[in-house]
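Chains as they are written, first to last, in the working numbering: chain A, 6 to 282; chain B, 709 to 1056.
For every residue, glycine included, the Cβ atom is placed at its ideal position computed from N, Cα and C.
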Amino acid sequence: MNDPILQMIGVTRRYETGGGFFSKPTVTTAVDDISLTVAAGEVCAIVGESGSGKSTLARLAAGIDSPHAGQVLFRGTPYAKSGSAPWRRERAVVQFVFQNPSSALDPRATIASQIGEMLTTHERCDAAARKARIDEILDRVGLSGMGRRVPQQMSGGQLQRAVIARALIVRPELLICDEAVSALDVSVQAQILNLLMSLKDEFGLTMIFVTHDLGVARHVGNRIAVMQKGRIVENRRTSHLFDRPRHVYTRTLLAAIPAATPAARRTRDAAAAEAAA
Amino acid sequence: MTSPGTLTLDGSAIGASVRLAGKTEPASIGEPALNVTDLSVRRGSVALVESTSLSVAKGETLCLVGESGCGKSLTCTAIMGLIDAPLAAEGSIRLLGREIAGLPERRLNGVRGRDVAMIFQDPMAALNPIQRVGAQVAEILAVHGATTSAAERSRAVLALFERVGLPDPARQARAYPHQLSGGMCQRVMIAMAIACRPKVLIADEPTTALDVTIQAQILRLLRELQDETGMAIVFVTHDLGVVAEIADRVAVMYSGRVVEEAGVDEIFDAPRHPYTRALMACRVGTGQPGTALPAITGIVPAPSARPNGCAFAPRCDHARPLCLVQPELTERGKSGARVACNLPEEAQ
Chain A
6 MNDPILQMIG VTRRYETGGG FFSKPTVTTA VDDISLTVAA GEVCAIVGES
56 GSGKSTLARL AAGIDSPHAG QVLFRGTPYA KSGSAPWRRE RAVVQFVFQN
106 PSSALDPRAT IASQIGEMLT THERCDAAAR KARIDEILDR VGLSGMGRRV
156 PQQMSGGQLQ RAVIARALIV RPELLICDEA VSALDVSVQA QILNLLMSLK
206 DEFGLTMIFV THDLGVARHV GNRIAVMQKG RIVENRRTSH LFDRPRHVYT
256 RTLLAAIPAA TPAARRTRDA AAAEAAA
Chain B
709 MTSPGTLTLD GSAIGASVRL AGKTEPASIG EPALNVTDLS VRRGSVALVE
759 STSLSVAKGE TLCLVGESGC GKSLTCTAIM GLIDAPLAAE GSIRLLGREI
809 AGLPERRLNG VRGRDVAMIF QDPMAALNPI QRVGAQVAEI LAVHGATTSA
859 AERSRAVLAL FERVGLPDPA RQARAYPHQL SGGMCQRVMI AMAIACRPKV
909 LIADEPTTAL DVTIQAQILR LLRELQDETG MAIVFVTHDL GVVAEIADRV
959 AVMYSGRVVE EAGVDEIFDA PRHPYTRALM ACRVGTGQPG TALPAITGIV
1009 PAPSARPNGC AFAPRCDHAR PLCLVQPELT ERGKSGARVA CNLPEEAQ
């Protein structure tokens, strides 16, 4: 295993929900005493159902949210205090891709200006170099010549490419994708997954890939962490997890994956009927 | 309210025992419960759905598959007679042998919810947020006169809730939608849809917003209900795994048209249309993990910017000059599969 790039040690994050003028809020523990290590260069998939805490975990890993207890270490040191100079640098090395690209982009600004804003924030570079960098990354994600468009003029898949370009233009080390392909059609989903996988090799990225889709997790992840009710119940190499799931919840999840073909469904149902008899 | 005649439901005696009384009607596949012919939905001069024909037999599940914007949901909306200006629908929709396209709203109201019912993708948005869910289901029974008294209705609602697997029906019936989870709301929607024992159930992506374990439960529930009542189901989904779970027959739509229609095994084992084949190929979980998926290049054209001829041709690896002509949906092979592709059969 390579050096750990990200370590989460006993991390807990709580939220207060509900609560009105007369009632006390309920406290939900979204992430409950989680420890997770991500090695440089690996793709760690985090799967779980809605409300399992996987998005909270992703936000904690990115340092855009802070835990109530425990520590998040990036290359061995905690994330800096927000607003400080080291914090600004860290913002560039850890990047985030969200589920819904149209809400992650400014509807009124051109794609090129939104991507370029990253350079303005994180790096010093002159106008010519800036333009060259923007064109280069647009080319790389398959959006050549589309820099002057605004989000409304682009499809969902193109918008997600733009979000990926914006994340990668500052050459991050860790890319966190939170349901990055969930809102896309299958054909487009395949395009974006292929793009992410080739960019990963090219940029030497480490990735945390949050998804509810076990098929996607299996395709991209070297390792899968299964979350349930704020805890990681199983965290193993992808092939081991699929071949020999240990935790009962992992087995439940795997059993709920729809059959690949109608024939596979009939085989499964027949086996289940036999087991019940 | 429409006159009974052919539309009379055995379910009129729904009463307190909504056990859906075993197999009252054996699911005999054959007689079409729903027959849609040459359905088009237009906005001005732009056709969003174009000459689509579908038929579903009693006890059969037809899956309508395709990517966003291909017209799946619009087709369903049109079947339910819910197309409003600026959209306009034309074509024939025969429900249990009777034309319902163009029926006046008042008469359609007698059909909708009783003979044909719909489950929507987002149950939270489809339920009234300020009315208790039990009352919302009871309203369907009251409107269609399936019950005679309020007490009978509430008993029927409880029986329905129990049937769709809502735990503690009496308590859930008094809940508002926001107090229930997505899966629970979807069960309420299903209870509402089957309350009058429709002959045809239209399910528009009913499990897309749900977790995979809940999805498995809902699919199982729909299959059981179909076995009990022999209803025909039109099931819209973009997920081919769900298709493998629930379909008897599959219609693949692309850019407003059906491009292939065949039995579910044929669609998986021997897809004919290049689009169907490409869709099958780019599923995750089928290939070797980590390898590049065979993605379809390009995007679905906007309805206003469809190319001449076959709409899939610009993305198709096998496109030839003859693809500039609009292909007709024609029968191929002996199984009754229909394919809209200009390529000769051996090239498919």
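Close CB contacts of B:Ser759 within its chain, under the 8 Å cut and outside five residues either way in sequence, are with Asp746, Leu747, Ser748, Gly799 and Arg965 (chain order). It is roughly 9 Å from the alpha-carbon of B:Pro1009 to the alpha-carbon of B:Gly777. In the DSSP annotation of this structure, the continuous segment of the alpha helix (DSSP H) that includes A:Leu219 starts and ends at Leu219 to Val225. Residue state for A:Gln100 is assigned as strand, using DSSP reduced to three classes.
DSSP places A:Gly15 within a strand segment (E or B) once states are collapsed to three. For B:Pro740, the enclosing beta strand (DSSP E) starts and ends at Pro740 to Arg751.
Annotation for A:Glu207: the continuous alpha helix (DSSP H) segment containing it runs Val191 to Phe208. Across the structure, B:Gly995 and B:Leu1001 are spaced so that their CA atoms are roughly 7 Å apart. In this structure, B:Leu918 sits away from B:Gly949, with a CB-CB distance that is not shorter than 9 Å.
For a Cβ distance threshold of 9 Å, residue set Val920, Ala924, Gly949 and Gly993 of chain B lies close to A:Ile262, ordered along the chain.
Following the DSSP letters along the chain, one finds A:Phe247 in no beta strand (DSSP E) but inside the alpha helix (DSSP H) bounded by residues Thr243 to Asp248. Closest by C-alpha distance to A:Ser40, out of A:Gly24, A:Val16, A:Glu21 and A:Ile51, is A:Val16. At the C-beta level, A:Gln196 and A:Gly162 come within 9 Å of one another. DSSP places B:Glu758 within a strand segment (E or B) once states are collapsed to three.
Chain-ordered listing is empty here: chain A has no CB closer than 8 Å to the CB of B:Val872, the nearest sitting near 18 Å. Around the beta carbon of A:Arg271, fewer than 16 other beta carbons lie within 10 angstroms, which makes this residue exposed.
Under the three-state reduction of DSSP output, B:Ser781 falls in the helix class. In this structure, the alpha-carbon of B:Val872 lies about 7 Å from that of B:Leu929. Listed along the chain, the chain A residues whose CB falls inside 7 Å of the CB of B:Pro997 are Arg223, His224 and Thr243. Scanning its chain for C-beta atoms nearer than 7 Å, with the 5 sequence neighbours on each side dropped, one finds around A:Ala109 the residues Phe103 and Val168, in chain order.
For A:Cys49, no alpha helix (DSSP H) encloses it; the enclosing beta strand (DSSP E) starts and ends at Val48 to Val52.
Straight-line measurement puts the Cα of A:Gly152 at about 11 Å from the Cα of A:Glu141. Taking 9 Å as the cut-off, the Cβ atoms of A:Gly46 and A:Leu204 do not count as close. Between A:Val191 and B:His852 a beta carbon distance of about 38 Å is seen, past the 8 Å cut, so the two are scored as non-contacting. Within the same chain, Ala825, Met826, Ile827 and Leu909 come within 7 Å of B:Ala901 by CB-CB distance, once the 5 residues on both sides are set aside. Taking each of A:Glu178, A:Val193 and A:Val155 in turn and checking the Cα distance to B:Ala1003, the smallest one comes out for A:Val193. Counted as a single uninterrupted DSSP element, the beta strand (DSSP E) harbouring A:Leu78 occupies residues Ala74 to Phe79. Taking all protein chains shown into account, B:Ile801 has 16 or more neighbouring C-beta atoms within 10 Å of its C-beta and is therefore buried.
Using a Cβ-Cβ cut-off of 9 Å, A:Glu141 is close to nothing in chain B; its nearest Cβ partner there is about 21 Å away.
With its beta carbon less than 9 Å from one in chain B, A:Arg270 belongs to the interface.
Nearest CB-CB separation between A:Ser108 and chain B: not below the 9 Å threshold.
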